[in-house]
Structures are given as C-alpha cells and as structure tokens.
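Engineer: One structure follows; several queries about it will come next.
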Amino acid sequence: MVLVVFSFLLCYSDTSMSLSPADRTCNSLIPDGYEIHKPSGKSTKVFTWVQIMDFGDINQANMDFLLHAFVINVWNDTRLHLDPYRGQERATILYPGCRQYVWTPQIFFETAKEAKSDETHLPSSQFKILPDGAVYLSTKPFSLNRSAGANCTDFDGEVAAVNRELTEVAKRE
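So the sequence shown is residues -18 to -1, 1 to 155, counted in mature numbering (1 follows the signal peptide of the UniProt record, and there is no 0).
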C-alpha cells in the first residue's frame, strides 16, 4: 500500500514538474470542463478600441490606404480561475500561448478589404489579466486595408470610418 502511494506521488510530481512554467500558468487558468467554443449561457460585454500607429500606403487612384494599429479587447470570463490574479497591484501578463485555450472575441471590420494581425513578429499579442479580473488582449501590429467601395472624391476632406462588428455568441432559450 505504501509503495503504491509513493509511486503515485512520484509519478504525479514528475508530471507536474515536466510542464513548463508557461504551461502551468495556462493549466491553472483553465478550470476542468472549460469549453472554449461553448457559451457560458449569458452574453459577454467586450470593450474594444483601436490605437492607430501609422496611416500610410495611400493609393489615390483607387482611394485605398493602410492602417497599422493595436486592436485592444477587454472582457470578463467568469468561467476562468481568476482569483489568484484579482487584487494585484498591476496587471498579470500571461504567456501569449494561453490565449489559444481561452475564448476570445472575433472582431470583423465591415468596410475593410483585408484585416489581419502580423504574425511575423512574435509574440503578436499581449495577453493579461487586469487587477479586477478582466481579460485583456492587445493584438499588434494590425493591418487594415480600406475598402475601395466607399464614395469618396479625395483625402483632403474625407473622414474615414471603419465599422466594427463583434460577433457574440449567447445561449438563447
């Protein structure tokens, strides 16, 4: 009996120690039974803002331009284990790979020809938990080509508007 318990503890400690610190962080964040694609049963408010860093590649012939920007999303996911991160003095920056295990909002830019994050710069995102327990995701750099279908005559007096739509999955009963 003692040998069985000792063997179990030895195997368990070897398994937990074989995980990298990043994997241990991800595992501690995700509860058992967490389903990334299954909604929690209620809608989620997502706060989104875009911080434009560069406006360029203007093509006056077809009125296209390119924006380089940060796209920042903040939301609450009550299904995650966030108690260890709440009440901290500063936000806790997590391993960027953890975001593949956590639900993240899908942002669509309705009037854009192409919107993508630049995955050549690693990491291309910052993933952290704020002191109040909110999840923060900043994607960088973000490139957005404006749709050529807008009715514009020149760039002098144009106000560029990019409509943002957020898909939100909510359990409807």
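For each residue, glycine too, the CB sits at the ideal point set by N, CA and C.
Using 10 angstroms around the beta-carbon of A51, count the other beta-carbons present and answer buried if the total reaches 16, otherwise exposed.
Structural biologist: On the sequence shown, position 69 is the one that residue 51 refers to. A51 should be labelled buried.
Engineer: Let's see if you can read the secondary structure: which residues bound the beta strand (DSSP E) around S107?
Structural biologist: For the purposes of this step, residue 107 is taken as residue 125 along the sequence shown, with counting starting at 1. S107 to I111 is the extent of the beta strand (DSSP E) around S107.
Engineer: For V84, list the residues DSSP reports as bridge partners.
Structural biologist: Taking the sequence shown and counting its residues from 1, the one referred to as residue 84 is at position 102. Per DSSP, none; premise fails for V84.
Engineer: Going by beta-carbon coordinates alone, are T26 and W57 separated by less than 8 Å?
Structural biologist: The residue labelled residue 26 in the question sits at position 44 within the sequence shown. The residue labelled residue 57 in the question sits at position 75 within the sequence shown. Going by C-beta atoms, T26 is nearer than 8 Å to W57.
Engineer: Measuring alpha carbon to alpha carbon, tell me which residue in M45, G23, F90 and Q108 is nearest L76.
Structural biologist: Locating residue 76 in the sequence shown gives position 94, where the first residue counts as 1. Here the closest residue by C-alpha is Q108.
Engineer: According to DSSP, is S25 helix, strand or coil?
Structural biologist: Indexing the sequence shown from 1 puts residue 25 at position 43. If DSSP states are grouped into helix, strand and coil, S25 belongs with coil.
Engineer: Report all residues from its chain with a CB closer than 7 Å to the CB of R61; omit the five preceding and five following residues, and keep chain order.
Structural biologist: By one-based count along the sequence shown, residue 61 stands at place 79. If you ignore the 5 residues before and after R61, its C-beta comes within less than 7 Å of the C-beta of P13, Y16 and S22, all in its own chain and listed in chain order.
Engineer: Less than 6 Å between C-beta atoms, sequence neighbours within five positions excluded: which residues of the same chain meet that for D36?
Structural biologist: Within the sequence shown, residue 36 is the residue found at index 54, counting from 1. Correct list, in chain order: H50.
Engineer: In chain order, what residues of the same chain lie with their CB nearer than 7 Å to the CB of Y83, ignoring the 5 residues before and after it?
Structural biologist: The count along the sequence shown starts at 1 and reaches residue 83 at position 101. So the qualifying residues of the chain are C8, I12 and I18.
Engineer: Nearest to T121 by CA position, among D114, G115, P113 and T86, is which residue?
Structural biologist: Here residue 121 refers to the residue found at position 139 when the sequence shown is read from its first residue. T121 has its Cα closest to that of T86, out of D114, G115, P113 and T86.
Engineer: In angstroms with no decimal places, state the Cα-to-Cα distance between S2 and G38.
Structural biologist: As a first step, residue 2 must be located in the sequence shown, where it is residue number 20. As a first step, residue 38 must be located in the sequence shown, where it is residue number 56. Their Cα atoms are separated by approximately 41 Å.
Engineer: Name the one or two DSSP bridge partners that S2 has.
Structural biologist: Sequence index remark: in the sequence shown, residue 2 carries index 20 (1-based). For S2, which the question treats as bridged, DSSP gives no partner whatsoever.
Engineer: Find out if the Cβ-Cβ distance for the pair S106, H63 is shorter than 8 Å.
Structural biologist: As a working mapping, residue 106 is identified with position 124 in the sequence shown. As a working mapping, residue 63 is identified with position 81 in the sequence shown. Contact: no.
Engineer: Around the C-beta of D5, are 16 or more other C-beta atoms found within 10 angstroms, so that it is buried, or is it exposed?
Structural biologist: Against the sequence shown, residue 5 aligns to sequence position 23. Exposed.
Engineer: Taking buried to mean at least 16 other C-beta atoms within 10 Å of its own C-beta, is I111 buried or exposed?
Structural biologist: Sequence index remark: in the sequence shown, residue 111 carries index 129 (1-based). Its Cβ being crowded by 16 or more others within 10 Å, I111 is buried.
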